[in-house]
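**Student:** Using numbering that gives the first Met the number 0, read the sequence shown as starting at 0 and increasing by one per residue. Where is the CB? At the ideal position from N, CA and C, for every residue including glycine. As the structure is a prediction and not an experimental result, all values here were calculated from the model. Input: one structure, supplied below.
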Amino acid sequence: MARMKLLMIICDGMADRPSEELEGRTPLDAADTPVMDRLAREGQCGMMNPIGTGIVPGSDTAHLSLLGYDPYRYYCGRGTLEAAGLGIDMEKGDVAFRCNFATSDKDLRVLDRRAGRISGGTVELAKALDGRMIEDVRVIFKEAVEHRSVMVLKGTGLSSEVSETDPHKEGEIVWTAKALKPEAEKTARILNEFTRMSFDILDKHPVNLDRKEKGLLPGNIILSRGPGDVPDIPSFSVKHGMEAGAIVGITLVKGLCRILGMEVIEVDGATGGADTNLAGKMDAAINALIEKDFVLLHIKGTDVFGHDGDVAGKKEYIQKVDASLGPLVEKLGDDVLLALTADHSTPTSVKDHASDTVPLLVHGRGMRFDNVQKFSETEAAGGMLGTINGQELMPLMKGLAGWVDKFGA
Ligand code: ZN
Ligand code: ZN
């Protein structure tokens with residue numbers, strides 16, 4: 000049998016709970032989704048526990064699971080994923096942190112953890128710290144959105160087993176990093192020296208002098224949290240025997256894909272929000288499937304409406320996603336094994352991720368089909384796949400697409 004290529008479409012946090020506003024239906028159920036419904040009719044549906052029963056997934060741990068990896072074994076912390084997502088080359092032995100530009104006084108008392116939500120000038124501030132040496136350790140420092148940034152320490156004898164310097168509260172002195180294990184003594188020392196140094200450099204930086212003059216809070220100290228290292232993790236191509244590409248809306252999942260050796264494909268106008276260039280992402284997926292065996296297409300907007308508790312907005316956005324899927328499905332026909340699901344539920348009533356299962360559909364050439372007529376949480380639960388675990392999704396897709404050898408004679 001000729002193998003099919005694989006396309007995994009993840010609508011972040013799309014799954015939901017019944018809403019009064021929709022007369023007891025979920026946004027996905029209430030949405031007019033002719034394309035998804037056709038795929039459901041012609042394919043197989045079921046439910047999926049992204050990580051396990053009763054587990055509330057993060058987007059990073061859920062994606063690890065859906066890509067076939069045990070998140071309890073391989074999860075390496077957000078610092079690493081954010082740094083890799085911003086394009087910093089992460090190597091074994093490096094330690095990464097998520098950082099904030101914050102405001103402190105000369106005694107390192109934190110006055111504002113976000114430096115008045117500083118936006119302009121952070122490129123210059125990051126440059127002033129990037130490339131500095133402390134002992135034999137090189138500091139790689141890069142700005143992210145608003146007050147956020149990432150730092151990677153590169154050198155010998157480093158460990159991620161250090162405590163944070165971010166006191167998570169205004170009015171407190173910046174915390175002193177401590178080694179949580181003996182092998183992290185050096186890292187704690189470097190981190191503390193860096194924190195002090197960041198104040199000395201940033202407090203008199205022209206960007207901050209200008210801010211002070213305008214009555215704005217200076218971004219004059221760096222607070223660090225979420226230390227992470229590079230895990231011993233088999234690449235996607237080693238694990239699955241496939242060359243993979245990823246079109247992804249958020250830095251966190253981009254970083255994960257880079258750590259797994261997948262090619263992250265950037266799309267013009269892709270914002271990681273509800274205003275993203277959906278059509279561009281669909282085109283990029285079609286193009287990527289020419290070269291790649293597997294493509295991950297991640298759409299963030301659905302999760303944003305879930306966190307905002309915006310029921311009508313979520314429903315409308317799902318309809319937009321459905322419309323943008325039309326040309327893609329038209330182009331691919333049934334030559335590609337397509338899976339459509341969510342990485343977790345983000346119920347609008349909860350405004351955060353929940354442990355609920357998510358609906359799943361798979362569609363491709365020559366497959367059996369079930370009686371599901373519409374793609375929704377309730378209908379998919381009646382499909383032939385039953386309830387699977389997130390880590391079973393890759394084996395399920397590979398088996399259906401002809402990538403798995405016979406077990407036995
Ligand atoms: Zn997510
Ligand atoms: Zn979320």
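1. Taking residue 95 as part of the beta strand (DSSP E), name the residues at either end of that continuous run.
2. Assuming residue 151 and residue 87 make a contact with CB atoms under 8 Å, what is their CB distance in whole Å?
3. Looking at ligand 2, does it come within less than 7 Å of residue 352, judged from the CB to the closest heavy atom?
4. Where does the unbroken alpha helix (DSSP H) through residue 286 begin, and where does it stop?
5. Give the straight-line distance between the Cα atoms of residue 259 and residue 192, rounded to the nearest whole angstrom.
6. Decide if residue 219 is buried, meaning its Cβ has at least 16 other Cβ atoms within 10 Å, or exposed.
7. Buried or exposed for residue 99, going by 16 or more other Cβ atoms inside 10 Å?
8. Consult DSSP for residue 8 and reduce its assignment to one of helix, strand or coil.
9. I need the straight-line Cα distance from residue 361 to residue 102, nearest angstrom please.
10. Can you tell me the Cα-Cα spacing of residue 123 and residue 299, whole angstroms?
11. Out of 4, 18 and 1, which has the shortest C-alpha to C-alpha gap to residue 314?
12. Nearest to residue 84 by CA position, among 304, 261, 207 and 107, is which residue?
13. Please tell me whether residue 72 and residue 59 are closer than 8 Å, where the distance is taken between their beta carbons.
14. Which runs of the alpha helix (DSSP H) spanning at least 4 residues fall entirely within the segment 183-221, listed in chain order?
15. Would you mind sorting residue 222 into buried or exposed? The rule is 16 or more other CB atoms within 10 Å of its CB.
16. Is the beta carbon of residue 306 within less than 7 Å of some heavy atom of ligand 2?
17. Are the beta-carbon atoms of residue 348 and residue 14 separated by less than 8 Å?
18. Just to confirm the assignment, what range does the beta strand (DSSP E) spanning residue 297 have?
19. In chain order, what residues of the same chain lie with their CB nearer than 7 Å to the CB of residue 206, ignoring the 5 residues before and after it?
20. For a test of the three-state rule: what should DSSP assign to residue 224, helix, strand or coil?
21. Give a yes or no on contact between the segment 104-120 and the segment 153-160, applying the rule of three or more CB pairs nearer than 8 Å.
22. May I ask you to list the residues that DSSP assigns as paired with residue 152?
23. Determine the burial state of residue 406: buried for a count of at least 16 other Cβ atoms within 10 Å of its Cβ, exposed for fewer.
24. Is residue 42 near ligand 1, with its Cβ less than 7 Å from a heavy atom?
25. Give the single residue among 177, 291 and 108 whose Cα lies nearest to the Cα of residue 168.
26. Please classify residue 233: is it buried, with 16 or more other beta-carbons within 10 angstroms of its beta-carbon, or exposed?
27. On a CA-only basis, which of 170, 30 and 128 is nearest residue 318? Give me that one, please.
28. My output table needs one value for residue 78: the three-state DSSP class, helix, strand or coil.
29. What are the residues that DSSP puts in a beta bridge with residue 65?
30. With a CB to CB cut of under 6 Å and the five nearest residues on each side skipped, what residues in its chain are close to residue 33?
31. Return the CA-CA distance between residue 280 and residue 301, expressed in angstroms with no decimal places.
32. Determine the direct distance from the alpha carbon of residue 114 to that of residue 325, and round the result to whole angstroms.
33. I want to check one thing, is the minimum distance from the CB of residue 52 to the heavy atoms of ligand 2 below 7 Å?
34. Out of 185, 161 and 289, which one is the CA nearest neighbour of residue 174?
**Tutor:** Looking at the atomic coordinates:
1. Bounds of the beta strand (DSSP E) holding residue 95 are 94-103.
2. 5 Å
3. yes
4. 277-290
5. Cα to Cα, residue 259 sits roughly 32 Å from residue 192.
6. buried
7. Buried, since its Cβ has 16 or more Cβ neighbours within 10 Å.
8. strand
9. 50 Å
10. For residue 123 and residue 299, the distance between alpha carbons rounds to 29 Å.
11. 18
12. Taking only the C-alpha atoms, the option nearest residue 84 is 261.
13. Cβ distance not < 8 Å, so residue 72 and residue 59 don't count as in contact.
14. 184-201 and 205-212
15. Under the 10 Å beta carbon count, residue 222 is surrounded by 16 or more other beta carbons and is classified as buried.
16. Inclusion of residue 306 in the 7 Å shell around ligand 2 follows from its C-beta lying nearer than that to a non-hydrogen atom of the ligand.
17. No; because the gap between Cβ atoms is not below 8 Å, this pair is not in contact.
18. Where residue 297 is concerned, the enclosing beta strand (DSSP E) stretches over 293-298.
19. 120, 123 and 124
20. In the three-state DSSP reduction, residue 224 falls in the strand class (E or B).
21. no
22. 94 and 138
23. exposed
24. no
25. 108
26. exposed
27. Nearest option by C-alpha distance: 30.
28. helix
29. Paired residue(s): none; residue 65 is not in a bridge.
30. none
31. 15 Å
32. 44 Å
33. Checking every heavy atom of ligand 2 against the Cβ of residue 52, none is found closer than 7 Å.
34. 161
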